[in-house]
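Written out below as structure tokens is the structure these notes cover.
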Ligand code: ADP
Ligand code: ASP
Ligand code: MG
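Set out below in structure tokens:
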């Protein structure tokens, strides 16, 4: 069985949906499971709905709901006849979401977020499934919330592997074409959960593992994994082959082309992963498997933007050792600040974090009670794997280097833009 993952960029419009049919026609639609994300940038649009709802901004709420309705309506009117039942099915899904908002009394943001943003994937998979059926490609649509079982940590749920594996193994017919939603999961209490932004790749990894898939293909708007994000760097090179370990390293440092959690499950079962272009089926793309670390061997650039660099030192000049450091880490964990770089000396500790849930200010208020602390917001963290002097110069020319750390294979430089 093969697993295909289609991200938002691949189905941002009607042409994208038609292209999925074209890919299935070329590559074969049997023994296949499709993992599909929300269309285009719809997850951001559903986030706007949650935010206006939580802020009690009725005008913005109506506006943001209308925006998502119009977006999907445009796509289905390009794909289907007026009398097709998809129109009703989409109305039912939006009706469900609006009904939820009207009846809800819960206040917890993360819970609300998951109950709303899931509609991005529920809508996209419904549209793709109905379109394929319409053109004669038989498929089964499954609600992944009954297969991918997680804990109740909303927006960052952890998988219950045993339960999930059992459900997937018994409920997916590997010989057919099945369509599931990426990114979302379910708790046994019936609530929807999500696996973290960009989590659909991970969903593909989960299904591949549970079904012992032959391979996984992530279809992208780029030729494969490149040695840098083409949105950030002018000249990029396609990587023909990278090892699981190298991919994990790149994803860990922030290469946004593959979700970091995707690789481990497929590596455990030695399932090859391909990253290919949905616009160029003749291009072989990148193969991720065991063996060769990286081919060709070139410096790989990864940037994490808008980070916060925090410098912490003790008030009493005591050393920055285990007890102090563990207190700092406890707070970082409490406020869900993702640590991307650490540097410490005898009396000071610097840490570069991603303020992904906007909890930094609360963290800072608390850390200041015990330590001396200062911070710089809005810095960029550049990581260069397999660096050369030339590649590091390129980064130093981007702005003021305020911290750098170099080890055998990896250089990290924090840049404050001029
Ligand atoms: P999807 O819609 O499939 O989730 P994304 O937009 O999340 O797609 O990811 C594809 C984008 O990832 C590319 O358009 C590219 O700009 C970016 N990207 C970042 N790093 C890399 C890299 N190392 N190689 C290829 N693409 C990269
Ligand atoms: N739709 C989700 C997001 O945009 C998940 C994904 O695309 O992987 O984060
Ligand atoms: Mg994505």
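Residue numbers (my numbering): 34 to 451. Note that beta-carbon positions come from the ideal geometry of N, C-alpha and C, so glycine has one too. Treat the numbers as computed from the prediction; the structure is a model and nothing was measured.
Distance check for residue j and residue i, CA to CA, integer angstroms please.
i: residue 80; j: residue 225; result: 15 Å
i: residue 23; j: residue 39; result: Limits of the chain in this structure are 34 at one end and 451 at the other, which puts residue 23 out of reach.
i: residue 140; j: residue 178; result: 22 Å
i: residue 397; j: residue 368; result: 10 Å
i: residue 152; j: residue 235; result: 18 Å
i: residue 89; j: residue 135; result: 12 Å
i: residue 102; j: residue 43; result: 19 Å
i: residue 36; j: residue 111; result: 27 Å
i: residue 159; j: residue 118; result: 11 Å
i: residue 361; j: residue 391; result: 18 Å
i: residue 214; j: residue 148; result: 14 Å
i: residue 205; j: residue 165; result: 18 Å
i: residue 70; j: residue 184; result: 21 Å
i: residue 104; j: residue 96; result: 12 Å
i: residue 87; j: residue 395; result: 19 Å
i: residue 343; j: residue 375; result: 10 Å
i: residue 83; j: residue 127; result: 14 Å
i: residue 18; j: residue 421; result: Nothing in the structure corresponds to residue 18, since the chain is present only between 34 and 451.
i: residue 201; j: residue 431; result: 48 Å
i: residue 265; j: residue 428; result: 12 Å
i: residue 46; j: residue 363; result: 44 Å
i: residue 424; j: residue 300; result: 30 Å
Which residue from the options puts its Cα closest to that of residue i?
i: residue 207; options: 248, 377, 342; result: 248
i: residue 194; options: 137, 218, 213; result: 218
i: residue 175; options: 441, 188, 211, 93; result: 211
i: residue 304; options: 220, 264, 244, 256; result: 244
i: residue 67; options: 402, 341, 233; result: 233
i: residue 283; options: 269, 227, 419; result: 419
i: residue 229; options: 371, 399, 364; result: 371
i: residue 231; options: 421, 181, 65, 188; result: 188
i: residue 255; options: 316, 216, 127; result: 316
i: residue 329; options: 260, 378, 144; result: 260
i: residue 257; options: 270, 246, 57; result: 270
i: residue 154; options: 400, 123, 356; result: 123
i: residue 77; options: 41, 106, 302, 109; result: 41
i: residue 381; options: 402, 357, 431; result: 357
i: residue 448; options: 410, 441, 423, 440; result: 410
i: residue 222; options: 85, 51, 186, 399; result: 186
i: residue 414; options: 142, 203, 443, 404; result: 443
i: residue 157; options: 138, 91, 74, 182; result: 74
i: residue 298; options: 137, 402, 242, 142; result: 242
i: residue 50; options: 416, 445, 98, 107; result: 107
i: residue 286; options: 115, 445, 116, 54; result: 445
Taking only heavy atoms of ligand 1 into account, decide whether any of them is closer than 8 Å to the Cβ of residue i.
i: residue 258; result: yes
i: residue 227; result: no
i: residue 264; result: yes
i: residue 283; result: yes
i: residue 237; result: no
i: residue 252; result: yes
i: residue 39; result: yes
i: residue 269; result: yes
i: residue 53; result: no
i: residue 139; result: no
i: residue 333; result: yes
i: residue 261; result: yes
Say yes only if the C-beta of residue i is nearer than 8 Å to one or more non-hydrogen atoms of ligand 3, and no if none qualify.
i: residue 231; result: yes
i: residue 70; result: yes
i: residue 458; result: The first residue shown for the chain is 34 and the last is 451, placing residue 458 beyond what the model contains.
i: residue 288; result: no
i: residue 42; result: yes
Flag residue i as yes if its beta-carbon sits less than 9 Å from any beta-carbon of chain B, otherwise no.
i: residue 389; result: Annotation note: the requested chain B is absent from the structure, which comprises a single protein chain.
Check whether the Cβ of residue i sits closer than 8 Å to any heavy atom of ligand 2, and report yes or no.
i: residue 234; result: yes
i: residue 216; result: yes
i: residue 128; result: no
i: residue 34; result: no
i: residue 318; result: no
i: residue 76; result: yes
If contact is defined by three or more beta carbon pairs under 8 Å, each pair taking one atom from either stretch, is the segment 334–344 in contact with the segment 291–303?
no
Inspect the CB distances between the segment 248–263 and the segment 158–175 and report whether three or more fall short of 8 Å.
no
Quick check: the segment 307–317 against the segment 341–349, are at least 3 beta-carbon pairs closer than 8 Å?
no
What are the start and end residues of each continuous beta strand (DSSP E) run of 3 or more residues lying completely inside the segment 333–386, in chain order?
333–347, 371–377
Closer than 8 Å is the cut-off here; do at least three beta carbon pairs connect the segment 371–389 with the segment 319–333?
no
Quick check on the DSSP output: what are the complete alpha helix (DSSP H) runs of length 4 or more inside the segment 244–286, in order along the chain?
277–286
Hey, which unbroken runs of the alpha helix (DSSP H) at 4 residues or more fall wholly within the segment 56–115?
75–87, 91–112
So within the segment 131–202, which uninterrupted alpha helix (DSSP H) runs reach at least 4 residues, ignoring any that extend past its ends?
142–167
Ignoring anything shorter than 4 residues, give me the alpha helix (DSSP H) runs that lie fully in the segment 290–321, in order along the chain.
296–301
Can you check the segment 390–433 for any beta strand (DSSP E) of at least 3 residues that lies completely inside it and give the ranges in chain order?
404–418
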